[in-house]
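Student: Before I ask anything, here is the structure I am working with.
Number of protein chains: 2
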Amino acid sequence: MRTAKNDRQEMIIKLIKEHDISTQDELTSLMKKNGFAVTQATCSRDIKELGIIKVTLPNQVSKYAVLDRTGDVAPGRLLNVFSNSLISCKSAMNMVVIKTLPGMAQAAASALDSMHLQYVVGTIAGDDTVFVAAPGTEEANALVSTIDDMMSAGNMSSEE
Amino acid sequence: MRTAKNDRQEMIIKLIKEHDISTQDELTSLMKKNGFAVTQATCSRDIKELGIIKVTLPNQVSKYAVLDRTGDVAPGRLLNVFSNSLISCKSAMNMVVIKTLPGMAQAAASALDSMHLQYVVGTIAGDDTVFVAAPGTEEANALVSTIDDMMSAGNMSSEE
DNA sequence: CATTAAACTGAATAAAAATACAGATTAACT
DNA sequence: AGTTAATCTGTATTTTTATTCAGTTTAATG
């Protein structure tokens, strides 16, 4: 069921994505302009529920940003989630192409990101494929080995 | 040169990585236990400088976390929304990998697209990463320069 | 050195965000 | 419907964070 709260939180996400908002009072005003009668207290609660964060940009100005929630997991679990959803891993020039179970690519990429592996310049995920950019062909090959190792490590089905 | 401030900020990062800290007062106490006589005001300033954020975990508990900025944040003052959402920009062979604030990649890619820059063959965006394909390595490097310029556009004085 | 400017920091305070409390609304069940 | 429990939200307040102001230290230059 679609509640008023759902609509409100959706609008909050929309506004935060579209505008540079740096205080909850600002957000509250914007919400009112968009037809949502809310107070700062409610915005505070919604922001907390939605896991929205306040980031400080390099120019020392801060603003709210919507954070995707896959990021903060314990390392062990991370490796597990990652390795269990992988199907294959190959390199193509300086790119590593990882195949995952359907719908797992986002989670796998996010897990990979938080491992901070050497040579990973960046990752992009679709539904069942992750692209990883490496500096060059050599590094991409090295990454494939590393990831292959993790795939076998994760099969030792012991949990935390 | 290694200043007292450097040491202090390094310790702050260390403590935040190792402990679950949810207020600056907590951090201040921990700092004191580790031999750094600081006040909450200084912690606040350091946290801001370091781009450290406060995240709300899925269980609704919040804590500070070090946001990975890949170390190479571009200097200078950022102007518009596009450049404000960029964190870093590197090339890897013929690819340009752009890191953005969480949730900003789509917007950044779309903004980039509408600029019709030379050499941009195509872009694809995840949550906080944009891949840009260029015809070759040279062109990718040129693109990085162009984007770096945009990131520091509007700075008052020369670089630090 | 001496002088001036810049960077840094603490104490006090202002600004912003989170929450206790109470009333209102909704849900679930009899 | 009536009852109870749970969820939700605004007001007022507390808690937390950012900043102002003034004093200090550090750095740069004559």
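Residue numbers (numbering that gives the first Met the number 0), protein chains in the order written: chain A, 0 to 159; chain B, 0 to 159.
Glycine included, every Cβ here is placed at the ideal spot set by N, Cα and C.
1. Are the beta-carbon atoms belonging to Y63(A) and I15(A) less than 8 Å from one another?
2. Scan the segment 92-143 of chain A and note each continuous beta strand (DSSP E) run of 3 residues or more that stays entirely inside, going in chain order.
3. Strictly below 7 Å CB to CB, what residues from chain A border T55(B)?
4. Taking A40(B) as part of the alpha helix (DSSP H), name the residues at either end of that continuous run.
5. Using the DSSP secondary-structure output, state which residues sit across from I11(B) in a beta bridge.
6. For F130(A) and A141(B), I'd like the C-alpha separation in whole angstroms.
7. Report, in whole angstroms, the separation of the C-beta atoms of V96(B) and G135(A), which I expect to be a contact under 8 Å.
8. Going by DSSP in three states, A64(A) sits in which element: helix, strand or coil?
9. Comparing the C-beta of T128(A) with each C-beta of chain B, is any distance below 8 Å?
10. Can you check DSSP and say which residues form a bridge with I52(A)?
11. By the three-class DSSP mapping on this structure, what secondary structure does S21(A) have?
12. Which same chain residues, not among the five before or five after Q105(B), have their C-beta less than 7 Å away from its C-beta?
13. What is the C-beta distance between K98(A) and D127(A), in whole angstroms, given that I count them as a contact (C-beta under 8 Å)?
14. Whole-angstrom Cβ separation of M149(A) and S87(A), contact assumed at under 8 Å?
15. Does the segment 53-61 of chain A come into contact with the segment 41-58 of chain B, if we say contact requires no fewer than three beta-carbon pairs (one atom in each stretch) closer than 8 Å?
16. Whole angstroms is fine: what's the gap from M92(B)'s alpha carbon to N93(A)'s?
17. Suppose you measure from the CA of A133(A) to the CA of E138(B); what does that come to, to the nearest Å?
18. In chain order, what residues of the same chain lie with their CB nearer than 7 Å to the CB of T27(A), ignoring the 5 residues before and after it?
19. Name, in chain order, the residues that DSSP records as bridge partners for L85(B).
20. Using beta-carbon positions only, say whether A107(B) and L85(B) come within less than 8 Å of one another.
21. Which residues in the same chain as D19(B) place their Cβ atom closer than 7 Å to its Cβ, once the five residues preceding and following it in sequence are excluded?
22. Which chain A residues are close to K16(B), counting only those with a beta carbon under 9 Å from its beta carbon?
Tutor: This is what the structure gives:
1. The residue given as residue 63(A) occupies position 64 in the first sequence. The residue given as residue 15(A) occupies position 16 in the first sequence. Their beta carbons are under 8 Å apart, which means Y63(A) touches I15(A) by this criterion.
2. Whole beta strand (DSSP E) segments, 3+ residues: 94-99, 121-124 and 128-132.
3. The residue you call residue 55(B) lines up with position 56 of the second sequence. What T55(B) touches in chain A: K47 and G50.
4. The residue labelled residue 40(B) in the question sits at position 41 within the second sequence. Taken as a continuous stretch (DSSP letters only), the alpha helix (DSSP H) holding A40(B) covers Q39 to L49.
5. One-based indexing of the second sequence puts residue 11(B) at position 12. When beta bridges are read from the DSSP output, I11(B) appears opposite no residue.
6. Stepping through the first sequence from its first residue, residue 130(A) is reached at position 131. Stepping through the second sequence from its first residue, residue 141(B) is reached at position 142. Spanning the two alpha carbons is a distance of roughly 23 Å.
7. By one-based count along the second sequence, residue 96(B) stands at place 97. By one-based count along the first sequence, residue 135(A) stands at place 136. Contact doesn't hold; Cβ gap of about 13 Å is too wide.
8. Along the first sequence, read from residue 1 onward, the residue named residue 64(A) stands at position 65. Three-state result, A64(A): strand.
9. In the first sequence, residue 128(A) corresponds to position 129, counting from 1. No - not a single Cβ of chain B is within 8 Å of the one on T128(A).
10. Within the first sequence, residue 52(A) is the residue found at index 53, counting from 1. Its beta-bridge partners are A64(A).
11. Counting from one through the first sequence, the residue named residue 21(A) turns up at place 22. S21(A): coil per DSSP, three-state reduction.
12. Locating residue 105(B) in the second sequence gives position 106, where the first residue counts as 1. Around Q105(B): A124.
13. If you number the first sequence from 1, residue 98(A) lands on position 99. If you number the first sequence from 1, residue 127(A) lands on position 128. Correct: roughly 6 Å between the Cβ atoms.
14. Taking the first sequence and counting its residues from 1, one reaches residue 149(A) at position 150. Taking the first sequence and counting its residues from 1, one reaches residue 87(A) at position 88. Contact between M149(A) and S87(A) is absent: CB atoms are separated by about 13 Å, not below the 8 Å threshold.
15. Under the three-pair Cβ rule at 8 Å, the segment 53-61 of chain A counts as touching the segment 41-58 of chain B.
16. Residue mapping note: residue 92(B) aligns to position 93 of the second sequence, counting from 1. Residue mapping note: residue 93(A) aligns to position 94 of the first sequence, counting from 1. The C-alpha of N93(A) is placed about 7 Å away from the C-alpha of M92(B).
17. The residue you call residue 133(A) lines up with position 134 of the first sequence. The residue you call residue 138(B) lines up with position 139 of the second sequence. The alpha-carbon atoms of A133(A) and E138(B) are separated by roughly 17 Å.
18. As a working note, residue 27(A) is residue 28 in the first sequence. Same-chain partners within the cutoff: V37, T38, Q39 and C42.
19. Numbered from its first residue, the second sequence carries residue 85(B) at position 86. Partner(s): T99(B).
20. Translated into positions along the second sequence, residue 107(B) becomes position 108. Translated into positions along the second sequence, residue 85(B) becomes position 86. Yes; because the gap between Cβ atoms is below 8 Å, this pair is in contact.
21. Stepping through the second sequence from its first residue, residue 19(B) is reached at position 20. In chain order, K62 place their CB closer than 7 Å to the CB of D19(B), counting only its own chain and leaving out the 5 sequence neighbours on each side.
22. By one-based count along the second sequence, residue 16(B) stands at place 17. Result: empty, since nearest Cβ-Cβ is about 12 Å, beyond 9 Å.
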